[in-house]
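Student:
In my numbering, the protein residues as written are 1168 to 1393.
#1: Should residue 1173 and residue 1266 be called a contact, given that it needs their Cβ atoms to be closer than 8 Å?
#2: Alpha carbon to alpha carbon, how far is residue 1185 from residue 1290?
#3: Inspect the CB distances between the region 1190 to 1205 and the region 1306 to 1319 and report whether three or more fall short of 8 Å.
#4: When you compare only the Cα positions, how much space is there between residue 1374 and residue 1288?
#5: Evaluate residue 1346 with the Cβ neighbour count: other Cβ atoms within 10 Å of its Cβ, from every protein chain shown; 16 or more gives buried, anything less gives exposed.
#6: Buried or exposed: which applies to residue 1245, given that a residue is buried once 16 or more other Cβ atoms fall within 10 Å of its Cβ?
#7: Report all residues from its chain with a CB closer than 7 Å to the CB of residue 1181; omit the five preceding and five following residues, and keep chain order.
#8: Would you grab the beta carbon distance between residue 1377 and residue 1349 for me? Rounded to a whole angstrom, and I think it's under 8 Å.
#9: Have a look at the DSSP bridge pairing and note the partners of residue 1352.
#10: I need the DSSP call for residue 1245, collapsed to helix, strand or coil.
#11: Would you identify the three-state DSSP class for residue 1178, choosing helix, strand or coil?
#12: Tell me which residues share the same chain as residue 1332 and place their Cβ nearer than 7 Å to its Cβ, disregarding the 5 neighbours each side in the sequence.
#13: Where in the region 1206 to 1231 do unbroken runs of the beta strand (DSSP E), each at least 3 residues long, occur, reported from the N-terminal end onward?
#14: Among 1225, 1359 and 1275, whose alpha-carbon lies nearest the alpha-carbon of residue 1467?
#15: According to the neighbour-count rule (16 or more other Cβ atoms, all chains shown, within 10 Å of its Cβ), is residue 1187 buried or exposed?
#16: Count the other CB atoms, across all protein chains shown, that sit within 10 Å of the CB of residue 1356; report buried if there are 16 or more and exposed otherwise.
#17: From this set, 1255, 1370, 1354 and 1278, which residue's C-alpha is nearest residue 1342's C-alpha?
#18: Where does residue 1381 land, buried or exposed, given buried means 16+ other C-beta within 10 angstroms?
#19: Starting from the Cα of residue 1224, find the closest Cα among 1250, 1270 and 1176 and give me that residue.
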C-alpha cells in the first residue's frame, strides 16, 4: 500500500543561513520571510543545524541578568552561551533533528512529537533538500474522498485482502470511511478496518461489516475429571 512521503509535501525552496551569519541578520530574515526558524548549512549545502526564534530570544530573556546573582549563575549553566551569541554557529544546537525525503508522513509526525519540534529539515545524503512542517503533514487530509475510496477498494480489499470489491461497500465523506457488507471470516473485518485506518487522508473508520464464520476463537475441549 502506497504511503505519502515527506518529499511530496515538503517545501523545497528553503531560506538558509551560514554558520557565520550575524545574529541581527538572522532576526531580520525571520521577520521578513515570516518563518520561525532557518536551517544552517555549510558552503556545500550540508545541514549543520537549525536556528529558531527561541534561540534568538535567549538574548532578550537574559538581558537583565547581573553578574554575581543567583539567577546569573543558574542561567549561565543553562543558556548563557546562546544569550551571548553573535552568529548562527553560536546560536545553533548540533546535531540537527532531520528526516529523509522518502520517509512517510507518519514517521515525520512521530519524530516531531517525540522531539517536540514544529518542523524538520529534510536531508538527502547530508544535503538539505527541503523542510517539512506540521502544516505540511496535514495535507494528507486534503485528499478527495473519491481518491481515498479508490485506494481502499483497490489496495486494501482487492490487492492485500484478496476480497472481491462487490462484497463490500465503501463510503467516504470528509475523510470518514464507512465499511459495510458481509465477509466470510471475522478476521477479515479486523484486518480491513486496520488497513483502512492506514490509508492517507482517512480521518476515522466506521465498520458495519458482518461475517459468516468467527475464526478468531478456538474451542478448547473440556476433559472430564474423575
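Ideal Cβ placement from N, Cα and C applies to all residues, glycine included.
Tutor: For this structure:
#1: For the purposes of this step, residue 1173 is identified with residue 6 of the chain shown, where counting begins at 1. For the purposes of this step, residue 1266 is identified with residue 99 of the chain shown, where counting begins at 1. Yes; because the gap between Cβ atoms is below 8 Å, this pair is in contact.
#2: The residue you call residue 1185 lines up with position 18 of the chain shown. The residue you call residue 1290 lines up with position 123 of the chain shown. Distance between the alpha carbons of residue 1185 and residue 1290 is about 16 Å.
#3: no
#4: Translated into positions along the chain shown, residue 1374 becomes position 207. Translated into positions along the chain shown, residue 1288 becomes position 121. Distance between the alpha carbons of residue 1374 and residue 1288 is about 38 Å.
#5: Here the question's residue 1346 lines up with position 179 in the chain shown. Residue 1346 comes out buried.
#6: Residue 1245 sits at position 78 when you count from the first residue of the chain shown. Because residue 1245 carries a pLDDT of 46, less than 50, the predicted location of this residue cannot be relied on, and no value is offered for it.
#7: Counting from one through the chain shown, the residue named residue 1181 turns up at place 14. Correct list, in chain order: 1206, 1295, 1297 and 1298.
#8: Reading the chain shown from its first residue, position 210 is the one you call residue 1377. Reading the chain shown from its first residue, position 182 is the one you call residue 1349. Yes, residue 1377 and residue 1349 are in contact; Cβ-Cβ is about 5 Å, under 8 Å.
#9: As a working mapping, residue 1352 is identified with position 185 in the chain shown. Per DSSP, 1380.
#10: Your numbering for residue 1245 matches position 78 in the chain shown. Low per-residue confidence applies at residue 1245: pLDDT is 46, beneath 50, and the placement is therefore not dependable, though the value from the model is reported in the following sentence. Helix.
#11: The count along the chain shown starts at 1 and reaches residue 1178 at position 11. Looking at residue 1178 - three-state DSSP - the assignment turns out to be strand.
#12: Residue mapping note: residue 1332 aligns to position 165 of the chain shown, counting from 1. Same-chain partners within the cutoff: 1320, 1324 and 1325.
#13: 1214 to 1219
#14: With the chain running from 1168 to 1393 in the structure shown, residue 1467 is simply not present.
#15: Taking the chain shown and counting its residues from 1, the one referred to as residue 1187 is at position 20. The residue in question, residue 1187, is exposed, as its Cβ has fewer than 16 Cβ neighbours within 10 Å.
#16: Counting from one through the chain shown, the residue named residue 1356 turns up at place 189. Burial call: buried.
#17: Locating residue 1342 in the chain shown gives position 175, where the first residue counts as 1. Answer by Cα proximity: 1370.
#18: Locating residue 1381 in the chain shown gives position 214, counting from the first residue. Residue 1381 comes out exposed.
#19: By one-based count along the chain shown, residue 1224 stands at place 57. For the residues 1250, 1270 and 1176, the minimum Cα distance to residue 1224 belongs to 1250.
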